[in-house]
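Please read the structure below before turning to the comments.
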Amino acid sequence: MLEHQDFIGKYEESLEEIELSINTYSLPLRIEDLVGIYEPRFSPEHKGEFAPAIDFAVADPRVRETEVLAPCDGVVFAGRLANTRWGEGREFVKFLNWINIRTDNNEFFELAHIAPISRRILRVGDRVKRGEVIAVAGLNGRMTVTDGKVDSHIHMLVGREKPNGFTGLRVRWADL
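Just so we're on the same page, the working numbering is the position in the sequence shown counted from 1, plus 2.
Here's what the structure looks like:
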């Protein structure tokens with residue numbers, strides 16, 4: 003796991019062949035809530051268009067709540083926030099809670115591993131502002147366990163929509 007200061011160099015180096023976002027994005031959590039950032043391409047789920055996704059390590063949600071912030075202004079266009087199941091196997095991928103928010107320039111961001119009961123219930127069409135609390139971290143979907151502790155994290159992906167899916171983008175950071 004990397005400290006946030008070491009993250010940018012590794013992220014840029016390992017993903018330099020991937021197109022950079024037009025919009026700038028902020029961290030999806032407060033810096034004091036950031037436990038670390040997993041190495042780029044650490045997750046077995048970060049392949050293909052998901053390669054530039056980032057996992058921000060947070061405290062175990064059963065121990066301490068971590069607020070999730072909107073990294074950019076946008077409008078909610080899809081999501082699933084009802085799951086409470088999690089585990090290490092691929093069979094748990096279908097239990098992931100996520101929200102997708104469309105931004106300017108045909109880009110969007112996805113935040114995942116969100117608690118099913120967050121302070122604010124987002125619905126399709128809701129507007130969010132950069133830095134606004136939009137959820138809290140949760141345990142759902144595929145999560146790994148290291149030394150008996152769950153690797154709690156907020157997953158963030160930035161992409162550009164296209165007719166048959168999306169293209170994953172390298173993030174242009176506003177605050178790192």
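Each residue gets a CB set at the ideal place from its N, CA and C atoms; glycine is no exception.
- DSSP places Val-95 in the helix class (H, G or I) of the three-state scheme.
- Among the bridge pairs identified by DSSP, Ala-80 is matched with Asn-102.
- Only residues of its own chain outside the window of five on either side were considered, and among them Ser-28 have a CB closer than 6 Å to the CB of Asp-177, listed in chain order.
- Beta-carbon to beta-carbon, Ile-33 and Asn-107 are separated by about 26 Å, too far to satisfy the 8 Å threshold.
- Measuring C-alpha to C-alpha distances from Arg-125 to each of Lys-151, Met-145, Asn-102 identifies Asn-102 as the nearest.
- Glu-34: not part of any beta strand (DSSP E); DSSP gives it neither H nor E.
- Annotated three-state conformation of Glu-21 is coil, per DSSP.
- Judged by DSSP in its simplified three-state form, Gly-89 adopts strand.
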